[in-house]
Amino acid sequence: MAEKPMWEQIGSGFVQHYYQQFDTDRVKLSELYTDASCLTWEGEGFQGKSAIMTKLSSLPFQTIQHIITAQDHHPTPDSCVMSMVMGQLKADQDQVMGFQQVFLLKNVDNKWVCTNDMFRLALHNFGA
Amino acid sequence: MGDKPIWEQIGSSFVQHYYQLFDTDRTQLGSIYIDASCLTWEGQQFQGKAAIVEKLSSLPFTKIAHSITAQDHQPTPDSCILSMVVGQLKADDDQVLGFHQTFLLKSINTAWVCTNEVFRLALHNL
């Protein structure tokens, strides 16, 4: 069985860890971010680990579950890893919704951290 | 009215240009890629401008229209711009489908090019 490229291993390792943490105890996500990290959550921007963690910790649901439909990983020219995830999630008793998330990962002091994170629910305003 | 940050101006201009070209004449998209660009289209990988343009030009529809629901742009630590687009598209007379697309833009010789691109249709196996 052929080995996956390095960036796929890093990207998929990160993605698995991220959603596992998110779904069980999302305060632990803080170790994935740095003070230079940016998050855009449903169009709202958050700068730095602290602001990001405040946002993620304060999301208004008790239980959350993510199911990944597809994930793609690329190496970037500056030796980062770009990961795009498409999936579905269920918060509390709400209906299942589609989501999209993009991560940019960078190796800082021998550790892969998330410098950029963007999340959107896949909700479209259907025209008449 | 506040000015948008520079990365939002660049990102949103790129996105507008990309879909306009895509929907009118996608063979012209070559100008936004370089030989180091990577595209993943529905899980399949394409490396370099030539392979990417060949893939996009050979997509099996005559007409295509994209409608952007939302787009987000961020500056990256290495002075690139990361853009995420969620929207809907209609190819020929097919049903409207949701899609997700991500672009990483880099400034090379004062032009912004796309070094990384990922596209997926929003289809989940329920």
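Chains as they are written, first to last, in this note's numbering: chain A, 114 to 241; chain B, 27 to 152.
Here a beta-carbon is modelled for each residue, glycine too, at the ideal position from N, C-alpha and C.
Could one say the Cβ of Met199(A) lies closer than 7 Å to chain B's Cβ atoms, at least one of them? Along the first sequence, read from residue 1 onward, the residue named residue 199(A) stands at position 86. Answer yes: the Cβ-Cβ gap between Met199(A) and chain B drops below 7 Å somewhere.
How about the stretch 44-62 of chain B and the stretch 176-185 of chain A: do they share at least three Cβ pairs that are nearer than 8 Å? no
Spatial neighbours of Ile90(B) within its chain, please: C-beta separation below 6 Å, excluding the five flanking residues on both sides. By 1-based counting over the second sequence, the position of residue 90(B) is 64. Contacts found: Asp49 and Ala117.
Could you please give the first and the last residue of the uninterrupted alpha helix (DSSP H) stretch that includes Phe212(A)? To locate residue 212(A), count along the first sequence from 1; it is residue 99. Segment Met210 to Val221 is the beta strand (DSSP E) holding Phe212(A); no alpha helix (DSSP H) there.
Name the residue from Leu236(A), Asp205(A) and Tyr132(A) whose alpha carbon lies nearest to the alpha carbon of Pro173(A). For this step, residue 173(A) is matched to residue 60 along the first sequence. Comparing Cα positions, the closest option is Asp205(A).
Given a cut-off of 7 Å on the beta-carbon distance, is the pair Gly56(B) and Val79(B) in contact? On the second sequence, residue 56(B) is found 30 positions in, with the first residue counted as 1. On the second sequence, residue 79(B) is found 53 positions in, with the first residue counted as 1. Yes, the pair counts as a contact, with Cβ atoms nearer than the cut-off.
Taking Cβ positions, are Ser196(A) and Phe212(A) nearer each other than 7 Å? The residue you call residue 196(A) lines up with position 83 of the first sequence. The residue you call residue 212(A) lines up with position 99 of the first sequence. No, the pair does not count as a contact, with Cβ atoms beyond the cut-off.
Neighbouring residues, chain B, relative to Gln213(A) (Cβ below 7 Å): Position 100 of the first sequence holds residue 213(A). Neighbours of Gln213(A) on chain B, chain order: Met110, Val112 and His126.
When Lys141(A), Phe127(A) and Lys203(A) are compared against Thr176(A), the one with the closest alpha-carbon: Along the first sequence, read from residue 1 onward, the residue named residue 176(A) stands at position 63. Nearest C-alpha to Thr176(A): Lys203(A).
Measuring CB to CB, does Ser143(A) end up less than 7 Å from Lys168(A)? Taking the first sequence and counting its residues from 1, one reaches residue 143(A) at position 30. Taking the first sequence and counting its residues from 1, one reaches residue 168(A) at position 55. No.
Below 8 Å on C-beta distance, what does Arg233(A) contact in chain B? Position 120 of the first sequence, counting from 1, holds the residue named residue 233(A). Going along chain B in sequence order, the residues near Arg233(A) (Cβ under 8 Å) are Ala96, Asp98, Met110 and Val112.
I'd like the span of the alpha helix (DSSP H) that includes Thr153(A), first residue to last. Residue mapping note: residue 153(A) aligns to position 40 of the first sequence, counting from 1. Per DSSP, Thr153(A) belongs to no alpha helix (DSSP H); it is in the beta strand (DSSP E), Tyr146 to Trp154.
For Thr182(A), report the span of its alpha helix (DSSP H) as first-last. Here the question's residue 182(A) lines up with position 69 in the first sequence. Not the alpha helix (DSSP H): Thr182(A) falls in the beta strand (DSSP E), residues Ile177 to Pro188.
For Phe239(A), does the count of other Cβ atoms within 10 angstroms reach 16, so buried, or fall short, so exposed? Translated into the one-based positions of the first sequence, residue 239(A) becomes position 126. At Phe239(A), the pLDDT of 49 sits below 50, so the modelled position is not reliable and the matter cannot be decided from this model.
Could you check what DSSP says for Ser84(B) in three-state terms: helix, strand or coil? Here residue 84(B) is taken as the residue at index 58 of the second sequence, counted from 1. Three-state result, Ser84(B): coil.
Using a beta-carbon distance below 7 Å, is Ala117(B) in contact with chain A? In the second sequence, residue 117(B) corresponds to position 91, counting from 1. It does not: the Cβ of Ala117(B) has no partner Cβ on chain A nearer than 7 Å.
Can you pull the chain A residues whose beta carbon is under 7 Å from the beta carbon of Pro103(B), in chain order? Walking along the second sequence from the start, residue 103(B) turns up at place 77. Correct list: Ala149, Lys219 and Thr228.
Which of the three DSSP states is assigned to Lys116(B) in this structure? Start at 1 with the first residue of the second sequence, and residue 116(B) comes out as number 90. In the structure shown, Lys116(B) adopts extended strand secondary structure according to DSSP, grouped into three states.
Residues near Ser93(B) by beta carbon distance below 6 Å, same chain, minus five either side: Looking up residue 93(B) in the second sequence gives position 67. Around Ser93(B), the same chain offers Gly113 and Gln114 as residues with beta carbons nearer than 6 Å, after the five sequence neighbours per side are excluded.
Alpha carbon to alpha carbon, how far is Met110(B) from Val139(B)? Give it in angstroms, no decimals. To locate residue 139(B), count along the second sequence from 1; it is residue 113. To locate residue 110(B), count along the second sequence from 1; it is residue 84. Cα-Cα distance, rounded: 15 Å.
So what does DSSP say about Ser63(B), is it helix, strand or coil? In the second sequence, the residue the question calls residue 63(B) occupies position 37. In the structure shown, the three-state DSSP call for Ser63(B) is strand.
7 Å is my cut-off, CB to CB: does Val79(B) come that close to chain A? Reading the second sequence from its first residue, position 53 is the one you call residue 79(B). It does not; no Cβ of chain A falls within 7 Å.
At the 7 Å Cβ level, is Thr66(B) part of the contact set with chain A, yes or no? Against the second sequence, residue 66(B) aligns to sequence position 40. It does: the Cβ of Thr66(B) has a partner Cβ on chain A nearer than 7 Å.
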